[in-house]
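Worksheet: the structure to be examined is printed underneath.
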Amino acid sequence: DMVGHTGDLQAAIKACEAVDRGLGAVVAALEKVGGAMLVIADHGNCETMVDPVTGGPHTAHTTNPVPVILFGGPEGAKLHDGILADVAPTLLQLMNVPLPPEMTGKSLIDL
């Protein structure tokens, strides 16, 4: 997140590569134990590093859709689009924990 705010494209690329390596290590560990992981962001930033109007650095959050990636989880599970309020119910479903009535979001997992 912080690197995207610098407007430095090369730094953002290096940061994304570091995250990719880290996620690879987590996936390898999850494969060994049969775990699950949800990878998500709350906003975009480094996908738009150049301001389309000025041509200068774009250092603010974007409102572009962000990917949601499920590793592991229920057999045949697919994800649908949603909102941030749907993230916690999704995690609770992965852990087989009932959804509290106070939560208004819905799980992103379709079985």
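What the sequence shown shows, in this note's numbering, is residues 4 to 114, in sequence order.
Every residue, glycine too, gets a C-beta built ideally from N, C-alpha and C.
Proximity below 8 Å, CB of residue i to CB of residue j
i     : j     : result
Ala28 : Gly76 : no
Asn67 : Gly7  : no
Ile86 : Gln96 : no
Val71 : Leu41 : yes
Gly79 : Pro92 : no
His61 : Asp54 : yes
Leu12 : Met52 : yes
Pick from the options that is closest to residue i, judged by C-alpha positions
i     : options                    : result
Gly10 : Ile43, Ala63, Val42        : Ala63
Lys81 : Ala88, Leu87, Leu73        : Leu73
Asp98 : Gly37, His83, Glu20, Ala14 : The identity of residue 98 in the sequence shown is Met, whereas the question assumes Asp. Checked all of Gly37, His83, Glu20, Ala14; the closest Cα to Met98 is Gly37.
Val22 : Ala32, Asp4, Leu114        : Asp4
Residues that DSSP places opposite residue i in a beta bridge
i      : result
Asp113 : Lys81
Leu41  : Leu73
Thr65  : Gly47
Pro60  : Val53
Cβ-Cβ separation, residue j to residue i (assumed contact under 8 Å), whole Å
i      : j     : result
Val100 : Ile43 : Not really, about 18 Å apart at Cβ, beyond 8 Å.
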